[in-house]
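To start, the structure itself, in structure tokens.
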């Protein structure tokens, strides 16, 4: 059956799990459908995939407030193009592209709209007024669009229930995770990382993610200060909180045990997971949390706060604590340090849980969902 499909998104970059899954989805759809598969985006910053067309919503390869304004001016042109497809996958498109999507639906009432929603950081967690206003505007535009779409795919049951609470019809929401290439985390060389940072044989906690206020990396540092000297922490990632976090580690006299790796390349990341004994976070909000899956794919247990989607993503491989309870966070890590049987059982559970998110397995279900929508099933 011939089916023409367009993926409408905001930005596709290298070394991004959601972007990787978007490209994998486009390629899988191309192999299954006898028709066009194209990407409409504001910015494309990764290697091109041969037979997948790339179109720029604003007319050029950039993403900004100005490019959203340009896309809005291009609404009629973009709508005419998009109306020629059978299915549109709306993968977190920015505000400027949304009018064209729904105008395309008016031009072609048979057009099916599938929203792919990864979640949004609540505005209350954002640092500035501008960021909060933009996030609130996006949320309003997204909900307007989702309520008028045929199907909404949410990355987790947590996001699914959140959308239901915002007024999206639960009958049109399906919870399905994105896929992750877990195979690349089986070949990490942890010894090199331990040697680089002078960790030796000490118990190593790893955090991978942004250094932003809502991630509460400061609580991981405080937890390390409550443990014996045989526990260390490596923090992978960058962000505005780094200077304050470095100052805190010195203030608590744990700067010798807390190491800041900064941003590391995609090819190096498996080495950091291989080096650690446990992955931990104190974040206040995650709609899915890919690093949990990456840690589990490396057969490492995870320690997560019991909020948003984190316990759901971790499953049986996670130890869960009340957010903000530093005693409980430190106690979980100490248990893993002292109870070898528990530690190994969680390592086995991690490997099993990670397989649920394996790229090819998820892609098969995902493509079936898209094609089924296009056929009207």
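Residue numbers (the UniProt record's numbering): 1 to 377.
Virtual Cβ for every residue (Gly too), placed ideally from N, Cα, C.
Across which residues does DSSP place residue i in a beta bridge pair?
{"i": "residue 55", "result": "40"}
{"i": "residue 11", "result": "43"}
{"i": "residue 305", "result": "321"}
{"i": "residue 174", "result": "153"}
{"i": "residue 6", "result": "38, 88"}
{"i": "residue 358", "result": "180"}
{"i": "residue 205", "result": "233, 278"}
Ignore the nearest five residues each way along the sequence and tell me which others in residue i's own chain have a CB closer than 6 Å to its CB.
{"i": "residue 15", "result": "266"}
{"i": "residue 329", "result": "223, 321"}
{"i": "residue 194", "result": "275"}
{"i": "residue 349", "result": "316, 317"}
Since residue i and residue j should fall inside the 8 Å C-beta cutoff, what is the C-beta to C-beta distance between them, to a whole number of angstroms?
{"i": "residue 236", "j": "residue 206", "result": "7 Å"}
{"i": "residue 71", "j": "residue 42", "result": "7 Å"}
{"i": "residue 282", "j": "residue 302", "result": "About 12 Å separates the two Cβ atoms, so there is no contact after all."}
{"i": "residue 116", "j": "residue 92", "result": "7 Å"}
{"i": "residue 154", "j": "residue 163", "result": "6 Å"}
Ordered along the chain, which non-local residues of its own chain (more than five positions away) have a Cβ less than 8 Å from that of residue i?
{"i": "residue 172", "result": "149, 150, 151, 152"}
{"i": "residue 241", "result": "211, 212, 213, 215, 217, 218"}
{"i": "residue 271", "result": "188, 189, 190, 192, 193"}
{"i": "residue 263", "result": "236, 237, 238"}
{"i": "residue 86", "result": "3, 4, 5, 35, 110, 111, 112, 374"}
Which residues in the same chain have their Cβ closer than 7 Å to the Cβ of residue i, if we skip the five residues on either side of it in sequence?
{"i": "residue 286", "result": "308, 309, 310"}
{"i": "residue 230", "result": "202, 203"}
{"i": "residue 136", "result": "123"}
{"i": "residue 185", "result": "270, 273, 294, 297, 298"}
{"i": "residue 147", "result": "167, 168"}
{"i": "residue 51", "result": "30"}
Give me the residue from the options with the minimum Cα distance to residue i.
{"i": "residue 74", "options": "95, 231, 35, 298", "result": "95"}
{"i": "residue 316", "options": "355, 129, 331, 284", "result": "355"}
{"i": "residue 352", "options": "333, 182, 228, 199", "result": "182"}
{"i": "residue 383", "options": "200, 324, 256, 247", "result": "Lying before the first or after the last residue shown, residue 383 is absent from the chain, which here runs from 1 to 377."}
{"i": "residue 197", "options": "228, 101, 372, 233", "result": "233"}
{"i": "residue 58", "options": "340, 260, 306, 99", "result": "99"}
{"i": "residue 359", "options": "38, 376, 10, 24", "result": "24"}
{"i": "residue 378", "options": "158, 128, 226, 339", "result": "There is no way to answer for residue 378, as the model of the chain reaches only from 1 to 377."}
Complete runs of the beta strand (DSSP E) confined to the region 209 to 288 [at least 3 residues]: 231 to 236, 258 to 262, 278 to 280
Ignoring anything shorter than 4 residues or poking outside the region 62 to 136, list the alpha helix (DSSP H) runs there in chain order. 65 to 73, 75 to 82, 98 to 107
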